[in-house]
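Okay, so here's the structure we're looking at.
In our numbering, the protein residues as written are 91 to 267.
This is how it looks when you write it as structure tokens:
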């Protein structure tokens, strides 16, 4: 008899254009299944995720499923569905788009008010000039600095470090209470 271990689940959410699809593609060891369609409204880009992005990663022999959510409010039902049973949530915000921070906060509040899931906020586009620093975003969100991480979503090392930070935060959580 073999021991079956259900895969772990990581959900990546945030506003449109925050880097969710890119982050999942960067972290995934398998080709990402993306459900992109032409945007039906002006969202600042031509295509957008309409169901979810899906990739996989192996961590110490354990399979981790990566789910990138759509960023538009009309797909909010997917946020809750995907976060059910998740190991953690990564909420991405584009560091050069502070006008999206309120929407990102709404997404975070929506999810965490329904599903008790450990989360980190990832501030993308740290490779660009004039972006918000993670500690400033932490202040905006009213979060401890350790819960907000800067990254370039196209950099595999950044993506892995963010994942490691989330796992460390989750492991430290019982000791913090």
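Note that the Cβ used here is the ideal one computed from N, Cα and C, for glycine as well.
Fair warning: this is a prediction, and the values are worked out from it, not measured in the lab.
Looking at the DSSP output, residue 103 sits in a beta bridge with 181. Closest option to residue 190, judged by alpha-carbon separation, among 221, 150, 247, 174: 221.
Cβ-Cβ distances below 8 Å link residue 117 to 145, 147, 156, 246, 249, 250, 253 in the same chain, with the five nearest sequence neighbours on each side left out; the list follows chain order.
Shown here, residue 226 sits in a helix according to DSSP, grouped into three states. Distances from the alpha-carbon of residue 174 to those of 196, 192, 99 put 99 closest. By the beta-carbon neighbour count (other beta carbons within 10 angstroms, threshold 16), residue 143 is buried. Distance from the CA atom of residue 262 to the CA atom of residue 210, rounded to whole angstroms, is 13 Å.
Rounded to whole angstroms, the separation of the alpha carbons of residue 195 and residue 219 is 23 Å. Under the criterion of beta carbons closer than 8 Å, residue 153 and residue 224 do not qualify as touching, at roughly 29 Å.
Relative to the Cα of residue 240, the nearest Cα in the group 197, 260, 206, 184 belongs to 184. Residue 161 places its beta carbon 7 Å or farther from that of residue 111.
The beta carbons of residue 197 and residue 107 sit about 13 Å from each other, so the pair does not count as a contact at 8 Å.
In the DSSP assignment, residue 114 falls within the alpha helix (DSSP H) that extends over 110–117. Residue 216 and residue 186 have their C-alpha atoms roughly 8 Å apart. The alpha-carbon of residue 214 is positioned some 22 Å away from that of residue 168. Residue burial annotation: residue 172 is buried, with at least 16 other C-beta atoms found within 10 angstroms of its C-beta. Under the 10 Å beta carbon count, residue 179 is surrounded by 16 or more other beta carbons and is classified as buried.
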